[in-house]
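With positions in the sequence shown counted from 1, the corresponding number in the working numbering is that position plus 92.
Cβ atoms here follow ideal geometry from the backbone N, Cα and C, with glycine treated the same way.
Please read all numbers here as calculations on a predicted model, not as lab measurements.
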Amino acid sequence: MYRTKIAGIGMYVPEKEVSNEWLTQYMDTTNEWIVERTGIETRRYADKHKETTSTLGAKAALKAIDDAGISKEDIDFIIFATLSPDYYFPGCGVLLQRELGITHGEAGALDIRNQCSGFLYGLSVADQFIKSGMYKNILLVGAEMHSMGLDFSTEGRNVSVIFGDGAGAVILQPTENENEGILTTKLHSDGTHAEELAMINPGSHGGYHLHEVDFGFPDEDLPGEIFVTQHMLDAGMMYPNMNGQLVFKNAVVKFPEVIMEALIEVGASPSDIDMLIPHQANLRISQFVQRKLGLRDDQVFNNIQKYGNTTAASVPIALCEALKEGKIKSGDLVCLAVFGSGFTWGSALIRW
Ligand code: COA
93 MYRTKIAGIG MYVPEKEVSN EWLTQYMDTT NEWIVERTGI ETRRYADKHK
143 ETTSTLGAKA ALKAIDDAGI SKEDIDFIIF ATLSPDYYFP GCGVLLQREL
193 GITHGEAGAL DIRNQCSGFL YGLSVADQFI KSGMYKNILL VGAEMHSMGL
243 DFSTEGRNVS VIFGDGAGAV ILQPTENENE GILTTKLHSD GTHAEELAMI
293 NPGSHGGYHL HEVDFGFPDE DLPGEIFVTQ HMLDAGMMYP NMNGQLVFKN
343 AVVKFPEVIM EALIEVGASP SDIDMLIPHQ ANLRISQFVQ RKLGLRDDQV
393 FNNIQKYGNT TAASVPIALC EALKEGKIKS GDLVCLAVFG SGFTWGSALI
443 RW
């Protein structure tokens with residue numbers, strides 16, 4: 093059986109850099125509050141007239157394709173992870189395919205909706221396809237354009253200061269070299285707190301999960317007026333919401349747990365990790381995880397300071413920068429770990 097290796101990687105972040113100070117013109121917040129609670133100093137916002145989630149993804153994908161030394165036509169499967177798709181449907185996978193000009197119909201495209209865990213879920217799915225011998229060049233993309241859907245009023249400040257736009261992509265290939273590639277992936281989920289980090293409108297829920305909330309649904313049983321109501325729009329119910337403290341409390345337990353699960357499976361311990369790339373949710377969460385596992389600063393990579401939380405894009409962007417900065421060498425044990433909405437969480441161990 094083959095192992096799966098990351099044969100190429102690329103990232104793209106939009107040009108427009110947005111400081112914490114810039115946000116203060118729209119909401120009651122301060123640079124100090126944001127830096128102290130999240131570590132974020134700047135984030136990037138895409139050009140809403142020229143860019144979309146799938147075009148950001150395509151730019152990262154082209155770099156990954158180039159890095160792998162393959163041509164676009166070699167891609168035999170596409171996996172696209174995002175929570176901020178161009179369209180409700182179809183998914184970004186086919187839009188990216190069109191953007192890349194590989195619409196020959198031979199490569200399938202799969203969309204993943206696992207928010208901050210999306211890239212890792214995609215990696216695990218790709219790993220199974222490669223190991224089984226089904227595909228030889230899988231393009232996995234994580235991309236987000238959060239800036240199009242955030243509440244920039246003071247009411248939405250706990251969410252909107254955190255998120256940024258960007259994209260990361262990898263090319264996954266089989267390898268017969270036993271000393272490299274993905275050693276294991278671990279995926280978990282628990283829907284108990286599904287609405288505590290969520291964007292629930294528009295949706296088909298019809299108020300089912302949240303009876304006490306007035307969504308402004310009409311009394312008459314009219315089909316078609318339940319997905320989006322005028323009341324939802326007027327009341328600003330189209331934005332993501334987050335119970336920050338609950339997310340924090342769960343994240344700092346699940347991150348170390350799922351990292352340890354992977355390490356134990358391969359007979360390793362935290363001291364064997366050469367580089368941990370945690371999902372860039374919040375610098376405080378990463379620091380907590382680092383302390384809990386007893387890792388040195390040089391064993392953990394963070395770049396949330398520059399890009400904010402880019403959800404499905406955060407792990408490939410961080411991995412790409414860690415590589416560019418020479419922080420990962422051949423033979424290193426690299427650990428990826430994620431936690432996010434759902435809740436969903438997971439980890440991967442890769443021998444580089
Ligand atoms: N600027 C200024 N004040 C803000 C603010 C902002 N951007 N956002 C919230 N506040 C205020 C709140 O309104 C609250 O005010 P009050 O005390 O007058 O009611 C106060 O700050 C504390 O709010 P709280 O939500 O308790 O803050 P916190 O210490 O939990 O920090 C988060 C908020 C969001 C930074 C923190 O909970 C967190 O990082 N959670 C995890 C989020 C995350 O990682 N999400 C992504 C998961 S993939």
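Just to confirm, is the Cβ distance from Q382 to G131 under 8 Å?
no
In this structure, what does DSSP give as the bridge partners for Q447?
Beyond the ends of the chain as shown, which are 93 and 444, falls residue 447; an answer cannot be given.
If you check the beta carbons only, do I170 and A150 fall under 8 Å apart?
No. Outside cutoff.
Is F211 near ligand 1, in the sense that its beta carbon is under 7 Å from a heavy atom of that ligand?
Distance from the C-beta of F211 to the nearest heavy atom of ligand 1 is not below 7 Å.
Measure the CB-CB distance between I204 and A153 and report whether it falls below 8 Å.
no
Would you call the stretch 382 to 394 and the stretch 133 to 140 in contact, with 3 or more CB pairs under 8 Å?
no
Going by DSSP, name the residue or residues bridged to L441.
T276, C427
Buried or exposed: where does M103 fall if 16 or more other Cβ atoms within 10 Å of its Cβ makes it buried?
Counting Cβ neighbours within 10 Å, M103 comes out buried, since at least 16 surround it.
Y179: which of Y300, P294, S433, M334 sits nearest, CA to CA?
P294
Taking M367 as part of the alpha helix (DSSP H), name the residues at either end of that continuous run.
M367: not part of any alpha helix (DSSP H); member of the beta strand (DSSP E) spanning 367 to 370, first to last residue.
From the DSSP output, read off the bridge partner residues of T436.
S281, G432
From T284 to T276, what does the alpha carbon distance come to, in whole angstroms?
26 Å
Less than 8 Å between CB atoms is the rule here; does V320 satisfy it with respect to chain D?
Looking for chain D here will not work: only one protein chain is present.
Taking only three categories from DSSP, how would you classify L325?
helix
Rounding to the nearest angstrom, what Cα-Cα distance links D159 and N250 in this structure?
The alpha-carbon atoms of D159 and N250 are separated by roughly 37 Å.
Would you kindly check if the distance between the Cβ of G100 and the Cβ of V339 is under 8 Å?
No, the Cβ-Cβ distance between V339 and G100 is not below 8 Å.
Relative to the C-alpha of G336, which candidate in R129, M93, L115 has its C-alpha closest?
R129
Use the C-beta contact count for Q117: other C-beta atoms within 10 angstroms, 16 or more gives buried, fewer gives exposed.
exposed
Looking only at its own chain, which residues have a Cβ that is under 8 Å from the Cβ of Y331, when we skip the five neighbours before and after it?
G241, L242, D243, G248, V251, M291
May I have the straight-line CA-CA distance separating H371 from D389, to the nearest angstrom?
16 Å
Within the present structure, is the beta-carbon of L289 separated from the nearest heavy atom of ligand 1 by less than 7 Å?
yes
How many whole angstroms separate the CB atoms of I274 and N229, which I take to be in contact at a CB cut-off of 8 Å?
With 8 Å as the limit, I274 and N229 do not qualify as a contact, their Cβ atoms being about 15 Å apart.
Is it true that the CB of A235 sits closer than 8 Å to the CB of A199?
no
From S433 to E268, what does the alpha carbon distance come to, in whole angstroms?
36 Å
For a test of the three-state rule: what should DSSP assign to V233, helix, strand or coil?
strand
Taking only three categories from DSSP, how would you classify V186?
helix
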